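S.K.: What follows is a structure written as structure tokens; I'll ask about it next.
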Amino acid sequence: MKLIAYNDNYYDKVQSYQMDDSQLQFTKSPQENIEMAAQNKNRHCILGLTEDDNLAVFFVLHEHSEFTKYFSTPDESTIFVRSLSTDKRYLRQGYAKQSLQQLNYYLSEHMPHINHIALLVDIPNRIAYELYIKLGFVDTGVEINNDGDLTILMEKHL
Numbered sequence: 001m002k003l004i005a006y007n008d009n010y011y012d013k014v015q016s017y018q019m020d021d022s023q024l025q026f027t028k029s030p031q032e033n034i035e036m037a038a039q040n041k042n043r044h045c046i047l048g049l050t051e052d053d054n055l056a057v058f059f060v061l062h063e064h065s066e067f068t069k070y071f072s073t074p075d076e077s078t079i080f081v082r083s084l085s086t087d088k089r090y091l092r093q094g095y096a097k098q099s100l101q102q103l104n105y106y107l108s109e110h111m112p113h114i115n116h117i118a119l120l121v122d123i124p125n126r127i128a129y130e131l132y133i134k135l136g137f138v139d140t141g142v143e144i145n146n147d148g149d150l151t152i153l154m155e156k157h158l
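For the sequence shown, the residue numbers in full-length UniProt numbering are 1 to 158.
This is the structure we're talking about:
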């Protein structure tokens with residue numbers, strides 16, 4: 001698994017990315033996120049590619065997000081991970097876990113000023129919650145209403 005920043009060379013891979021309705025209830029599609037990132041330079045779309053160069057995972061690294069006021073860590077050294085998803089053809093094969101494990105290296109290489117990772121997990125999404133705990137994220141106990149969905153703020157120190 002390798003992480004790379006999205007650019008237009010990967011347009012076709014993103015267009016063929018598949019998510020089912022159960023995934024879309026928790027997150028926006030890569031296409032929506034790329035459109036949003038085009039309007040906001042603080043949003044960085046990240047692709048998780050398999051060893052065969054197939055797009056398996058997508059997420060956004062967001063600097064200075066709307067949730068920074070809830071972070072227990074300084075805004076300037078915290079990156080917010082949002083819209084993490086796995087192409088449905090690659091679900092339950094460990095790709096989301098691998099991409100988050102690679103994130104520490106990616107950040108040290110491309111965003112060395114970042115020392116903390118924050119994310120929100122929807123309360124009903126127990127699979128994601130358990131994954132984040134296994135990867136060293138801490139449940140801060142802070143619940144946030146995110147567009148009508150109750151979420152938990154989780155943080156990790158690099």
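We put the beta carbon where it would ideally sit given N, CA and C, even for glycine. This structure is a prediction, so every number in the text was calculated from the model and none was measured.
Using the rule of at least 16 other Cβ atoms within 10 Å of the residue's Cβ for burial, across every protein chain shown, is Gly48 buried or exposed?
M.R.: buried
S.K.: Where does the unbroken alpha helix (DSSP H) through His116 begin, and where does it stop?
M.R.: No alpha helix (DSSP H) contains His116, which is instead part of the beta strand (DSSP E) from 116-122.
S.K.: Count the other C-beta atoms from every protein chain shown that fall within 10 angstroms of the C-beta of Ser65, then say buried if there are 16 or more, exposed otherwise.
M.R.: buried
S.K.: Just to confirm the assignment: which complete beta strand (DSSP E) runs, minimum length 3, are found wholly within the UniProt domain "N-acetyltransferase" (1-158)?
M.R.: 2-5, 43-49, 55-62, 78-86, 116-122, 138-146, 149-157
S.K.: Comparing C-alpha positions only, which one of Ser29, Thr73, Arg89 sits nearest to Ile114?
M.R.: The option with the nearest alpha carbon to Ile114 is Thr73.
S.K.: Measuring CA to CA, which of Asn54, Glu32, Leu100, Tyr90 is closest to His116?
M.R.: Leu100
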